[in-house]
Amino acid sequence: MAKLFTPYQLKNLNLKNRIVMPPMCQYAVETGDGMPGEWHNVHYISRAVGGTGLIIAEMTAIHPDGRITNEDTGIWDDHFIPAWRHIVDEVHRYGTQIGIQLGHAGRKAEDANPPVAPSAVRYDGEGYKEPHALTTAEVEQLIQAYGEAARRAVEAGFDTVEIHGAHGYLIHQFHSPLVNQREDEYGKDLPLFGERVVQAVRAAVPADMAVIMRVSAREYVEGGYEVEDIIETCRRYRDAGVDLLHVSSGGEGPARKGAMQVGPGYQVNMASQLRDALQIPVIAVGLLDEFADAERVLEEDQADLVAVGRAMLRDPYWAIHAAKELGDEAPVPQPYLRGYHK
Numbered sequence: 001m002a003k004l005f006t007p008y009q010l011k012n013l014n015l016k017n018r019i020v021m022p023p024m025c026q027y028a029v030e031t032g033d034g035m036p037g038e039w040h041n042v043h044y045i046s047r048a049v050g051g052t053g054l055i056i057a058e059m060t061a062i063h064p065d066g067r068i069t070n071e072d073t074g075i076w077d078d079h080f081i082p083a084w085r086h087i088v089d090e091v092h093r094y095g096t097q098i099g100i101q102l103g104h105a106g107r108k109a110e111d112a113n114p115p116v117a118p119s120a121v122r123y124d125g126e127g128y129k130e131p132h133a134l135t136t137a138e139v140e141q142l143i144q145a146y147g148e149a150a151r152r153a154v155e156a157g158f159d160t161v162e163i164h165g166a167h168g169y170l171i172h173q174f175h176s177p178l179v180n181q182r183e184d185e186y187g188k189d190l191p192l193f194g195e196r197v198v199q200a201v202r203a204a205v206p207a208d209m210a211v212i213m214r215v216s217a218r219e220y221v222e223g224g225y226e227v228e229d230i231i232e233t234c235r236r237y238r239d240a241g242v243d244l245l246h247v248s249s250g251g252e253g254p255a256r257k258g259a260m261q262v263g264p265g266y267q268v269n270m271a272s273q274l275r276d277a278l279q280i281p282v283i284a285v286g287l288l289d290e291f292a293d294a295e296r297v298l299e300e301d302q303a304d305l306v307a308v309g310r311a312m313l314r315d316p317y318w319a320i321h322a323a324k325e326l327g328d329e330a331p332v333p334q335p336y337l338r339g340y341h342k
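Numbering (full-length UniProt numbering) for the sequence shown: 1 to 342.
In structure tokens form, the structure reads like this:
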């Protein structure tokens, strides 16, 4: 059996295979109110039909001003629970588990007026506004908002929650010395905000629910941190209650020339480094489009799970096709079986 198709268990997570669909913003909320709709139903449920082991729904805002754009999903109020519950229930029908990524875009919130950030440092990109520097009281309100969002995720039936601490969004902004220039305790101790978010989320979910955190293991900008620097930050997150790290990179600004060498599996070594240093399970991600590349990550014991993003946008049945290619029994739904007979 290909390792991609071996089961995986971590706390309450009991996955039928090691294939993860990572969070990918759809920018598909036509009403502008943050409510997931028909597009999201089809998008997520079709990947469950396609055999994915774990789906993590797109970055979903814990505050209206935390959306990247007004076309993004939200979970800042209880009225979002029924729509998310419908998606969760339908995904479960096909034997797939599902989580939701809780996030706040911070200074990268394009439609917020103004966006907020640890400090009044504008993101270096066309069209971005100068952010409002959060007061200490506002920081603590956002920590509480993460906890409330996690509570709603539990009520909607999600199997896990992922905290977004990567790609230049709010938690990343706090633990990045390039952005966090505060003078209060959240500036003197850069991981403190993320640590307290983890604690708030951990307190809001059942003890046996796995909590995932996505981190950028490396920044590619001048003066940005490296993997060795983020290890101690992730140690704090682990000790606060994170069970699984989802390891990506970048996002804090345009990469300096030659710093970012993109190719199949280009972030896997970073995931492996964090796994070894912290003795924590990891999800590896980064252009693992080819079945053999994804399988190799597991065969070489570099990660516990493999996330397939863009390839799964192109092919909702990536998991079925991987099983066919790798010689495993493919999880083809009964209504589609005749499409796979020679």
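We put the CB at the ideal spot given by N, CA and C, even for glycine. Just so we're clear, the structure is a prediction, and the values are computed from it rather than from any experiment.
Taking the straight line between their C-alpha atoms, what separation do you get for residue i and residue j?
i	j	result
G253	G168	8 Å
Q199	G106	20 Å
P36	H86	10 Å
F158	V88	6 Å
H92	Q9	16 Å
E30	H43	15 Å
R310	V139	34 Å
E155	E222	43 Å
L278	L337	43 Å
E299	K3	7 Å
A307	I280	17 Å
A316	S46	Looking at the sequence itself, residue 316 is Pro, so the reference to Ala does not match. C-alpha separation (whole angstroms): 6 Å.
L15	L245	16 Å
G251	E219	7 Å
A204	Y27	28 Å
P333	K324	14 Å
L170	E329	42 Å
With respect to the beta strand (DSSP E) encompassing residue i, which residues constitute its N-terminal and C-terminal limits?
i	result
N14	L13 to L15
residue 400	Outside the modelled stretch of the chain, which goes from 1 to 342, sits residue 400, for which no answer is possible.
S248	L244 to S248
Y8	Y8 to L10
M21	I19 to M21
G99	Q97 to G103
Within 10 angstroms of its Cβ, does residue i collect 16 or more other Cβ (buried), or is it exposed?
i	result
Q141	exposed
Q99	Before going further, note that residue 99 is Gly rather than Gln in the sequence given. Counting Cβ neighbours within 10 Å, G99 comes out buried, since at least 16 surround it.
H79	exposed
L134	buried
A117	buried
N17	buried
H341	exposed
Q261	exposed
N113	exposed
G339	exposed
D77	exposed
E162	buried
T6	exposed
Out of the options, which has the shortest C-alpha to C-alpha gap to residue i?
i	options	result
H40	G66, D72 and R18	D72
I231	A2, A217 and H43	A217
L326	V308, A294 and W76	A294
G187	K3, A120 and A112	A120
A322	L337, M21, E290 and R338	E290
R235	V268, A207, G263 and L274	L274
P264	D33, I55, G286 and L170	G286
L102	V215, A28 and T136	V215
A48	E329, M312 and K324	M312
C25	L15, T52, P131 and A57	A57
Q97	G51, L190, R152 and A137	G51
V268	D243, R296 and H132	R296
E228	A259, H246, A330 and D276	D276
H172	K108, A207, A204 and E126	K108
G147	L190, I75 and R182	I75
P335	Y94, D65, P7 and I62	Y94
T160	R196, A61 and A207	A207
E185	A137, Q144, R152 and A145	A137
Along the alpha helix (DSSP H) that carries residue i, what are the first and last residues, could you check?
i	result
E58	That residue, E58, is in no alpha helix (DSSP H); its beta strand (DSSP E) goes L54 to A61.
E90	I81 to H92
V325	Going by the sequence as given, residue 325 is Glu instead of Val. That run of the alpha helix (DSSP H) goes W318 to L326.
H40	E38 to V49
H164	Here H164 belongs to no alpha helix (DSSP H); instead the beta strand (DSSP E) covers T160 to G165.
L313	R310 to R314
V268	V268 to L278
A203	L192 to A204
Return the Cβ separation of residue i and residue j in integer angstroms, given the expectation that the two are a contact with Cβ distance under 8 Å.
i	j	result
L13	A210	5 Å
I320	A303	Incorrect: roughly 22 Å between the Cβ atoms, too far for contact.
M270	V247	6 Å
Would you check whether the ligand FMN has a heavy atom nearer than 6 Å to the C-beta of residue i?
i	result
G50	Summarising the ligand content, the structure contains no ligands, and the ligand FMN is consequently not present.
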